[in-house]
Amino acid sequence: MRRFAAMVDSEVGRALRSVLDRVQTAAAKRPEHLPKVQPRLVAVTKTKPKELILSAYKAGQRHFGENYVQELTDKASDPEIVGQLNDIRWHFIGHLQRNKVNKVTGIPNLYMVETVDSEKLATAINASWEKLGRTDRLKVMIQVNTSREEQKHGTSPEKVCDLYKHVVENCPHLQAVGIMTIGVYDYDLRNGPNPDFQVLLECRTNICQTFNLQPEDVELSMGMSTDFEHAIEVGSTNIRVGSTIFGARQYPGSKPPPKTTPNNPNATPNDQQQQTTTDKVESTRQKLDAVNVNS
Ligand SMILES: *Cc1c(COP(=O)(O)O)cnc(C)c1O
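Right under this line is the structure:
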C-alpha cells in the first residue's frame, strides 16, 4: 500500500516539477513592459481522486482548482484533506449559480472565486461572505467571455469595467483581484498569439485606466495545459493546469482516451511522453483502489 502511494507521489511530483520548470522558462521570456510577477500555478483536480491532491500537496503545491460545486465541497471538506493540508488554497473556477453560493463560500480554505460573471452573483457572494462573519475580504476575479461563444459563461469584454466597478463600490466583503478567461479550445498558436488572451489584456488596460491602477494590480487568469506557456509569455499571472499534471480526465460514460502504448501505431512521440505519466498514475491508482477494497 505504502509503496503504491509512494509511486503516485513520485509521478505527480515529477509532473509538477516539469510544469513549474516550464512556467519559469516562459516567465523569463516575457517582454520588458509586462509586470514581473511570479505566475501562480493552480492545479486543477476535477474528476481526480484525493490521493492525487495529497501527492501534489506533499510535492509543495498549494493552489488547487475545481469547477463543480459538489466536487469542490466534497474534496475541500474531506477529513483527510482538512486535517492534513492546512495550507491548501482552493480556487473555484466553474460556473456558479446563485443558489449554490453558500456552499462554495462555506468550504474550508476557499482562496478565490475566479468566475464572477454578473452583478447579481457578485452581490450574492458578498452577502454570503458577510453572513459568515468573515473579516477578511474574499478574492474574486471577473470571468470574461473573450471568445463570445454562446455556451461559455462570462461577461462581455464591454461590460467588464462596469462589473469590476460594482464589486469595488458595492461589495465591501469582496476584493476584485483580476480577470479570467477560458477562451476557445484548441486554438492553433501557429496562427499567431491567442486572440482571447489579447482581448483579456485589453480588458485589463481598460480597467487600469478607469480605476487608475497599475497592471500589476489586476491579475490575469488565462492558460491551461495546452497553452500555459504562451499565456505566461503574453502576461498571464495565474494559470490553471489539470491534465498535464494529473493525466487525461475520464468522464463517466465517455470513452477512455486512446492508449498510446507502443502497440498503438497512431501514437506520436509527444503523445507517448504525455501518456506515460498518465498511465502510470492511473494504473497505480487502480492498484491503490484494489488494495483499498481488499483491506
Ligand atoms: C478543466 C479546467 C482547466 C484545466 O484544464 P486542462 O486542460 O486539464 O489543463 C482550466 N480551467 C478551467 C476553467 C477548467 O474547467
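Residue numbering for the sequence shown is 1 to 295, as defined by full-length UniProt numbering.
Here a beta-carbon is modelled for each residue, glycine too, at the ideal position from N, C-alpha and C.
Spatially closest choice to residue i from the options, by CA coordinates
| i | options | result |
| --- | --- | --- |
| Val104 | Glu66, Pro215, Gln38, Val184 | Glu66 |
| Ile81 | Gly60, Pro108, Tyr68 | Pro108 |
| Ile93 | Ser225, Asn102, Val160, Tyr68 | Tyr68 |
| Val234 | Ala59, Glu219, Glu130 | Glu219 |
| Leu213 | Leu85, Thr237, Val177 | Val177 |
| Thr123 | Phe228, Val140, Ala15, Thr135 | Val140 |
| Ala5 | Lys50, Pro39, Asp21, Leu16 | Lys50 |
| Arg28 | Met7, Leu85, His230, Ile142 | According to the sequence provided, residue 28 is Ala. The question's Arg does not apply to it. Answer by Cα proximity: His230. |
| Cys171 | Ile239, Val116, Arg62 | Val116 |
| Thr135 | Asp186, Asn86, His173 | His173 |
| Thr155 | Gly133, Leu34, Asp21, Met180 | Met180 |
| Val168 | Gly133, Glu119, Thr73, Thr45 | Glu119 |
| Val44 | Arg30, Lys165, Arg22, Leu16 | Leu16 |
| Ile53 | Val23, Val12, Gln70, Arg30 | Val12 |
| Thr73 | Lys46, Gly60, Ala56 | Lys46 |
| Phe211 | Ser243, Lys165, Asp196 | Lys165 |
| Glu150 | Leu138, Gly183, His33, Ile125 | Gly183 |
| Asp21 | Ser243, Arg190, Phe228, Tyr251 | Phe228 |
| His91 | Asp78, Val101, Val113, Gln70 | Val113 |
| His33 | Leu201, Pro193, Arg3 | Leu201 |
| residue 333 | Gln61, Val42, Asp217 | Look at the range of the chain in this structure, 1 to 295, and you will see that residue 333 is not part of it. |
| Pro31 | Leu121, Gln61, Asp188, Ser236 | Ser236 |
| Gly133 | Ile142, Lys152, Gly106, Tyr111 | Gly106 |
| Tyr111 | Asn102, Lys48, Ile88 | Ile88 |
| residue 297 | Thr226, Val101, Thr25, Asp9 | Here the chain has residues from 1 to 295 only, and residue 297 is not among them. |
| Lys75 | Asn191, Lys48, Gln198, Asp188 | Lys48 |
| Asn238 | Val199, Val23, Asp188, Leu121 | Val23 |
| Ala59 | Ser77, Gln70, Val19 | Val19 |
| Thr25 | Leu121, Pro252, Arg240, Ile232 | Ile232 |
Quick one, what's near ligand 1 if you take every residue whose CB is closer than 7 Å to any heavy atom, in chain order?
Val44, Lys46, Gly65, Asn67, Ile93, Gly94, Ile182, Met224, Ser225, Thr226, Arg240, Val241, Gly242, Ser243, Thr244, Arg249
Unbroken stretches of the alpha helix (DSSP H), 4 residues or longer, contained in the region 128-198
160-170
I'd like to know if the region 143-151 and the region 97-105 are in contact, where contact means that at least 3 CB-CB pairs between them fall below 8 Å.
no
Could you tell me which whole beta strand (DSSP E) segments of length 3 or greater appear in the region 9-56?
40-44
The region 204-221 touching the region 243-254, judged by at least three CB pairs closer than 8 Å:
no
Is it true that the region 125-133 meets the region 154-161, where meeting means three or more beta-carbon pairs spaced less than 8 Å apart?
no
Please specify which runs of the beta strand (DSSP E), each continuous and at least 3 residues long, are wholly inside the region 189-245, giving them in chain order.
219-221, 238-241
Just checking, does the region 20-39 make contact with the region 75-89 on the three C-beta pairs under 8 Å criterion?
no
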